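Residue numbers (the working numbering), protein chains in the order written: chain W, 1 to 167; chain V, 1 to 167.
There are 2 protein chains.
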Amino acid sequence: MASGSAARKPAPEPLVVLEEFLPYRLNVLAGLTSSALAQIYAERFGLSIPAWRVIVTLGQYECRTARDMAPDGVMHKSTVSRAVSALEKRGLVKRRPNLDDRREEWLALTPEGRAIYEAVAPEALAVGERLLSVLTPQEQKTLSTLIDKLTRQARLLAPRDTEGSEA
Amino acid sequence: MASGSAARKPAPEPLVVLEEFLPYRLNVLAGLTSSALAQIYAERFGLSIPAWRVIVTLGQYECRTARDMAPDGVMHKSTVSRAVSALEKRGLVKRRPNLDDRREEWLALTPEGRAIYEAVAPEALAVGERLLSVLTPQEQKTLSTLIDKLTRQARLLAPRDTEGSEA
DNA sequence: TTCCGTTCGTTGCTCATGCAACCAATAACA
DNA sequence: TGTTATTGGTTGCATGAGCAACGAACGGAA
Chain W
1 MASGSAARKP APEPLVVLEE FLPYRLNVLA GLTSSALAQI YAERFGLSIP AWRVIVTLGQ
61 YECRTARDMA PDGVMHKSTV SRAVSALEKR GLVKRRPNLD DRREEWLALT PEGRAIYEAV
121 APEALAVGER LLSVLTPQEQ KTLSTLIDKL TRQARLLAPR DTEGSEA
Chain V
1 MASGSAARKP APEPLVVLEE FLPYRLNVLA GLTSSALAQI YAERFGLSIP AWRVIVTLGQ
61 YECRTARDMA PDGVMHKSTV SRAVSALEKR GLVKRRPNLD DRREEWLALT PEGRAIYEAV
121 APEALAVGER LLSVLTPQEQ KTLSTLIDKL TRQARLLAPR DTEGSEA
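So this is what it looks like as structure tokens:
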């Protein structure tokens, strides 16, 4: 049929509507929330996002190696390495050699690091809460489930591998 | 694994559990999907994410200005500017001055640009579909609603201002 | 007209990030 | 024992993004 050869104003046929495209919408949402959080991390405490993740992880587990910082390869080795270096230089993190395997090092928060952790964490949580406050508890639970499902699937689709840690 | 004697002490009191923290999970998910898509954009067509967004937007609307590329300030002016320059240099986008307002320019896909659009779009959509395939239609609808609610809220919490595009 | 405030878009600078190459230590195996 | 393959972690390099400062063009007001 006449597939509209006329060059008129409306586009021939939009194959993708960006505002409805899931990956785009996820990116926008994630970007906005990052932006909201980065304001706290960066402006108030001088932490980058990787640094924040390291701090939180160490706050959770007390003692881990650099490799454990990116459980699913979310952060790059180099990203973690640099974040840890910076934190060590600021005296927020200390390293201790692991004598059982001298390739790796144990990481832990210093008292100063823990102090920052205890200062940032509640504020970050508050942002998370404020975000979720527009959802009912039931919706929150649903969201959590959906994110998990999608993340699992996304991990299958993404190249993201070639780097040690597989599921 | 090093079955070492190293004590993996539970931390005093974990204030934040990263794996349960919504912004973190959103970031991970968005990162994974971006990664999956970037593989198509980049490896197969040499497009960056901003470039892809420009192409898709022009594929949708035929003719827009650079400012319209970031409707909600998702991309920075400079990001759009550079993406457009690169695309123009590759002959995928053409500019025409807007005689009514010579500050801005009309942008449109060239035939070559449209060809790439028509090649990439279906593949990108396919990735989106494959992602969503783990959700039931009902879940997909729910997800869409939740994302919208969260995005609206996140936009209130994020600084994201001082830049042209208002609310 | 001229002056001022605003908006569209570009560009220089800086820094964060990803990749890949690399070192050191361990593991696997002949 | 030596020899090779893997793994934890660092670093050089190049690319990418944000910020801010800038130039150009418009709108409004005298």
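Glycine included, C-beta positions come from ideal geometry on N, C-alpha and C.
In this text, all values refer to a predicted model and were calculated from it rather than measured experimentally.
Item to complete: Check each residue of the segment 32-47 of chain V: if its Cβ is closer than 7 Å to any Cβ of chain W, include it; give the result in chain order.
Response: Cβ contacts with chain W: Leu32, Thr33, Ser34, Ser35, Ala36, Leu37 and Gln39.
Worksheet entry | is_contact[W:Ala167, chain V] using C-beta, thresh 9 Å | Below a pLDDT of 50, predicted positions are generally treated as unreliable, and W:Ala167, at 21, falls in that range; the measurement from the model is reported next regardless. Cβ-Cβ to chain V under 9 Å: no for W:Ala167.
Worksheet item: When you check each C-beta in the segment 57-81 of chain V against every C-beta of chain W, which residues fall closer than 9 Å?
Response: Taking 9 Å as the Cβ-Cβ cut-off against chain W, the residues of the segment 57-81 of chain V that qualify are Thr57, Leu58, Gly59, Gln60, Tyr61, Glu62, Cys63, Pro71, Asp72 and Val74.
Item to complete: Note down, in chain order, each residue of its chain lying with its Cβ closer than 8 Å to the Cβ of V:Tyr117, except the 5 sequence neighbours on either side.
Response: Once the five neighbours on either side are set aside, the close Cβ partners of V:Tyr117 are Ile55, Val56, Leu58, Gly59 and Leu109.
Worksheet item: Along the chain, which unbroken stretches of the beta strand (DSSP E) at least 3 residues long are found entirely within the segment 71-115 of chain W?
Response: Qualifying beta strand (DSSP E) stretches, in chain order: 93-97 and 105-109.
Fill in: Unbroken alpha helix (DSSP H) run spanning V:Val28, endpoints
Segment Leu22 to Ala38, the alpha helix (DSSP H) holding V:Val28.
Worksheet entry | Beta-carbon proximity check, W:Ala66 vs W:Ser48, cutoff 9 Å | In this structure, W:Ala66 lies away from W:Ser48, with their beta-carbon atoms at least 9 Å apart.
Practice prompt. Name, going along the chain, the residues of the segment 132-150 of chain W whose beta-carbon falls closer than 9 Å to a beta-carbon of chain V.
Written response: Within the segment 132-150 of chain W, the residues whose Cβ lies closer than 9 Å to some Cβ of chain V are Leu132, Ser133, Val134, Leu135, Glu139, Gln140, Thr142, Leu143, Ser144, Thr145, Leu146, Ile147, Asp148, Lys149 and Leu150, listed in chain order.
Discussion item. I need the boundaries of the alpha helix (DSSP H) containing V:Ala51, first residue and last residue.
Written reply: Boundaries of the alpha helix (DSSP H) harbouring V:Ala51: Ile49 to Tyr61, taken from the DSSP string.
Worksheet item: Who are the neighbours of W:Pro50 on chain V, taking C-beta pairs under 7 Å?
Response: Near W:Pro50 there are no residues of chain V at all, since even the closest Cβ is about 11 Å away, more than 7 Å.
Worksheet entry | Cβ shell of V:Glu166 (< 6 Å), same chain only, five flanking positions each side left out | Confidence at V:Glu166 is low in this model, with a pLDDT of 24, below 50, so its placement is unreliable and the value that follows should be read with caution. Hits under 6 Å: none found.
Worksheet entry | Burial state of V:Arg102 (16 or more Cβ within 10 Å) | Looking at its Cβ environment, which holds fewer than 16 other Cβ atoms inside 10 Å, V:Arg102 is exposed.
Fill in: Bridge partner(s) assigned by DSSP for W:Arg64
Looking at the DSSP assignment, W:Arg64 forms a beta bridge with W:Leu107.
Fill in: Reduced DSSP secondary structure (H/G/I, E/B, other) of V:Gly46
V:Gly46 falls in the coil class under three-state DSSP.
Practice prompt. Tell me where the alpha helix (DSSP H) around V:Ala144 begins and ends.
Written response: It is worth fixing the name first, because residue 144 of chain V is Ser in this sequence and not Ala. Pro137 to Leu157 is the span of the alpha helix (DSSP H), which, as asked, contains V:Ser144.
Discussion item. So, with DSSP's three-state summary, where would you put V:Val120?
Written reply: Of the three classes helix, strand and coil, the one that applies to V:Val120 here is helix, per DSSP.
Discussion item. Under 9 Å, Cβ to Cβ, is there at least one residue of chain W near V:Gly113?
Written reply: For V:Gly113, the answer is no, since every Cβ of chain W falls outside 9 Å of its Cβ.
Item to complete: Quick one: residues in its chain with C-beta nearer than 7 Å to the C-beta of V:Ala86, no 5 flanking neighbours on either side, listed in chain order?
Response: Closer than 7 Å at the Cβ level, and outside the excluded window around V:Ala86, lie Ala51.
Worksheet item: Is the shortest distance between the beta-carbon of V:Leu125 and the beta-carbons of chain W less than 9 Å?
Response: With 9 Å as the cut-off, V:Leu125 counts as an interface residue toward chain W.
Fill in: Per-residue burial, W:Lys9 [other beta carbons within 10 Å of its own, 16 or more giving buried]
Low local confidence applies: a pLDDT of 46 at W:Lys9 is under 50, so the model's placement there is unreliable, with the coordinate-based value given in what follows. By the neighbour-count criterion, in which a residue is buried when 16 or more other Cβ atoms sit within 10 angstroms of its Cβ, W:Lys9 is exposed.
Worksheet item: How long is the line joining the alpha carbons of W:Arg96 and W:Val134, rounded to whole angstroms?
Response: Near 44 Å, if we compare the C-alpha coordinates of W:Val134 and W:Arg96.
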